[in-house]
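>
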DNA sequence: CCGACCAAATTGGTCAGACCAAAATTCACG
DNA sequence: CGTGAATTTTGGTCTGACCAATTTGGTCGG
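This is the structure in structure tokens:
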């Protein structure tokens with residue numbers, strides 16, 4: 001299922017992101033890589049094309065060179081998060097900042113453009129947060145559903161694409177952390193009430209303020225989850 | 001310089017975006033395409049890989065299928081903008097909305113994290129807008145430099161990557177429109193003064209409000225440019 | 001000793017033809 | 001008329017080859 005080119009690309013990406021190949025270094029030739037990976041040059045070539053598409057390498061006749069991460073495409077994020085045992089907490093936080101700001105924009109545009117029906121269907125998604133005995137899983141599900149709905153109701157294609165990409169990059173690496181996340185149900189209930197009111201009254205500043213609060217909730221809860229995960233990792237290494 | 005696979009990919013992308021291949025349709029086989037483009041199957045294969053990376057096609061043993069634009073990567077935007085004679089005005093507007101909201105986030109984070117020196121260097125970039133006799137070109141240059149600086153001072157890598165990608169996608173297609181853009185120097189001067197003050201006092205809400213104004217300025221000026229371009233195109237078609 | 005220039009080796013770009021496994025298609029059978 | 005097996009089609013990978021651009025290394029002249 002993996003595919004040989006993807007394996008090669010993954011290995012090379014790991015080498016680059018771990019610093020084994022420095023920026024501006026020349027990567028081994030396609031022929032050398034083919035030998036090293038016991039694969040055909042065509043497979044290596046597809047892997048190199050992937051590196052180029054991700055923006056980690058620049059291919060030219062004469063040789064391929066490593067490019068800086070800051071010149072890469074969004075797809076590097078997933079690979080960067082997958083480097084260590086735990087994802088980079090700072091990077092995850094930065095992604096959350098962006099996601100939440102995009103949510104805010106989406107919501108603001110929804111206020112301007114969405115029909116009453118669309119608005120109502122979003123507001124309905126805030127109801128689960130008011131329930132008393134919501135399991136953590138159901139809560140997480142409700143959060144995602146609310147975010148997804150806000151992103152889809154919005155007609156801004158670029159916004160949708162960015163959000164989708166960010167989610168896809170970060171989601172797989174957050175799966176392990178899920179067990180460490182502790183949800184502040186009361187805080188989210190307050191948020192849900194505020195969001196519902198802001199949407200009902202089409203109060204744009206209130207929507208913005210609400211999502212700022214939502215953002216802070218998410219970021220703090222994620223940072224705490226990282227702390228717990230790290231602590232557990234330390235204890236495990238002592239035994 | 002173009003490269004055979006890129007030519008093939010470009011042709012297929014055009015066919016997909018223009019609707020010649022509908023979503024979920026099967027694309028011709030690699031062998032057929034190789035014949036049609038008088039190219040080797042390897043070249044066609046690389047083109048198909050590119051389609052897959054862009055997110056416009058899904059390749060599986062048995063055949064490749066067209067995917068919906070909403071499931072693509074950010075890189076489709078550039079191709080979508082390059083479809084007609086003029087870029088899609090609505091799409092450009094949506095991109096501007098996103099860019100400007102990202103600018104706002106970047107600026108807000110700068111307020112929290114940037115040193116006095118970094119802040120000062122950004123503030124210095126607002127000065128050109130106060131000059132009286134600034135040519136349109138110099139004005140555009142100053143705008144870009146200000147945006148670039150805000151994006152780079154910020155330490156948020158995902159934010160930088162998204163902004164860079166969006167710029168790269170949209171910039172080439174805006175080159176033709178530049179001649180139609182009329183700049184409201186006074187409005188930008190007001191914006192510059194407000195931004196400078198907001199940064200100096202690290203006034204977060206003011207920064208947000210300022211960028212909202214900036215966003216509206218940019219969007220309106222671009223929409224007007226589209227109108228002018230369309231009008232000129234109509235007149236040209238009459239002659 | 002150094003820089004400019006030229007030839008050889010290296011490298012990516014493309015092509016041709018082949019085999020395999022998985023999917024799609026066809027078709028005979030119940 | 002369905003259904004399941006057989007066949008064809010399709011993508012995935014491999015081997016080996018040639019070309020053009022680049023890099024490299026050495027040579028020559030200053």
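Protein chains in written order, with the numbering used here: chain A, 1 to 239; chain B, 1 to 239.
Positions of the beta carbon are idealized from the N, C-alpha and C atoms, including for glycine.
This structure is a prediction, so every number in the text was calculated from the model and none was measured.
Under three-state DSSP, which class holds residue 39 of chain B?
Of the three classes helix, strand and coil, the one that applies to residue 39 of chain B here is coil, per DSSP.
> Could you round the C-beta distance between residue 49 of chain A and residue 46 of chain B to whole angstroms and report it? I think they count as a contact, below 8 Å.
Indeed, because the Cβ distance is near 6 Å, the residues count as touching under 8 Å.
> Does residue 46 of chain B come within less than 8 Å of chain A when only Cβ atoms are used?
Residue 46 of chain B counts as touching chain A.
> Identify the continuous beta strand (DSSP E) that holds residue 59 of chain A and give its terminal residues.
Run containing residue 59 of chain A: 57 to 60, per the beta strand (DSSP E) assignment.
> Mapping DSSP to helix, strand and coil, what is residue 26 of chain B?
If DSSP states are grouped into helix, strand and coil, residue 26 of chain B belongs with the strands.
> Mind checking if residue 49 of chain A is an interface residue toward chain B, Cβ cutoff 8 Å exclusive?
Yes, residue 49 of chain A lies at the interface with chain B (some Cβ there is under 8 Å from its Cβ).
> On the DSSP letters alone, give me the boundaries of the beta strand (DSSP E) that residue 242 of chain B sits inside.
Nothing about residue 242 of chain B can be read from this structure; chain B reaches only from 1 to 239.
> Which residue from B/90, B/92, B/109, B/132 puts its Cα closest to that of residue 98 of chain A?
Nearest C-alpha to residue 98 of chain A: B/109.
> Name, please, each residue of chain A whose Cβ falls closer than 8 Å to the Cβ of residue 113 of chain B.
Near residue 113 of chain B there are no residues of chain A at all, since even the closest Cβ is about 11 Å away, more than 8 Å.
> Specify, as a first and last residue, the run of the alpha helix (DSSP H) that residue 234 of chain A falls within.
204 to 238 is the span of the alpha helix (DSSP H), which, as asked, contains residue 234 of chain A.
> Which of the three DSSP states is assigned to residue 181 of chain A in this structure?
Reduced to three states, the DSSP call for residue 181 of chain A is coil.
> Relative to chain B, which residues along the region 158 to 171 of chain A have a C-beta separation below 8 Å, given in chain order?
If the cut-off is 8 Å between Cβ atoms, the region 158 to 171 of chain A has 158, 159, 160, 161, 162, 164, 165, 166 near chain B.
> Using a Cβ-Cβ cut-off of less than 8 Å, give me the residues of the region 86 to 108 of chain A that come near chain B, in sequence order.
Per Cβ criterion, the list reads 91, 94, 95, 97, 98, 101, 102, 104, 105.
> Quick one: what does DSSP say residue 63 of chain B is sitting in, helix, strand or coil?
In this structure, residue 63 of chain B counts as strand in the three-state DSSP scheme.
> With residue 149 of chain B and residue 183 of chain B assumed to form a contact (beta carbons below 8 Å), what rounded beta-carbon distance in angstroms separates them?
Not confirmed; about 19 Å, so no contact.
> Helix or strand or just coil, what does DSSP make of residue 120 of chain A?
Helix at residue 120 of chain A.
> For a cutoff of 8 Å on Cβ pairs, would you count residue 77 of chain B as touching chain A?
Closer than 8 Å: yes.
> For residue 3 of chain A, which three-state DSSP category applies?
In this structure, residue 3 of chain A counts as coil in the three-state DSSP scheme.
> May I have the straight-line CA-CA distance separating residue 76 of chain A from residue 83 of chain A, to the nearest angstrom?
Near 11 Å, if we compare the C-alpha coordinates of residue 83 of chain A and residue 76 of chain A.
> Short of 6 Å in beta carbon distance, which residues of its chain neighbour residue 225 of chain A, apart from the five on each side in sequence? Order them along the chain.
If we look at residue 225 of chain A and ignore the five residues flanking it on each side, its Cβ neighbours are 177, 180, 181.
> For residue 156 of chain B and chain A, any beta-carbon pair shorter than 8 Å?
Yes, contact with chain A.
> What does residue 70 of chain B touch in chain A if you count any residue whose Cβ is under 9 Å from its own?
Going along chain A in sequence order, the residues near residue 70 of chain B (Cβ under 9 Å) are 152, 157, 160, 161, 164.
> Listed from N- to C-terminal order along the chain, which residues in the region 51 to 63 of chain B have their beta-carbon within a distance smaller than 9 Å of any beta-carbon of chain A?
Within the region 51 to 63 of chain B, the residues whose Cβ lies closer than 9 Å to some Cβ of chain A are 53, 54, 55, listed in chain order.
> The alpha helix (DSSP H) with residue 141 of chain A in it runs from where to where?
That run of the alpha helix (DSSP H) goes 136 to 153.
> Mind checking whether residue 105 of chain B and residue 159 of chain B have CB atoms under 8 Å apart?
Against a cut-off of 8 Å, the Cβ pair of residue 159 of chain B and residue 105 of chain B comes out as a contact.
> Quick one: Cα of residue 227 of chain A to Cα of residue 215 of chain B, how far?
Taking the straight line joining both Cα atoms gives about 38 Å.
> Cβ of residue 17 of chain B less than 8 Å from any chain A Cβ?
Not one chain A Cβ lies under 8 Å of residue 17 of chain B.
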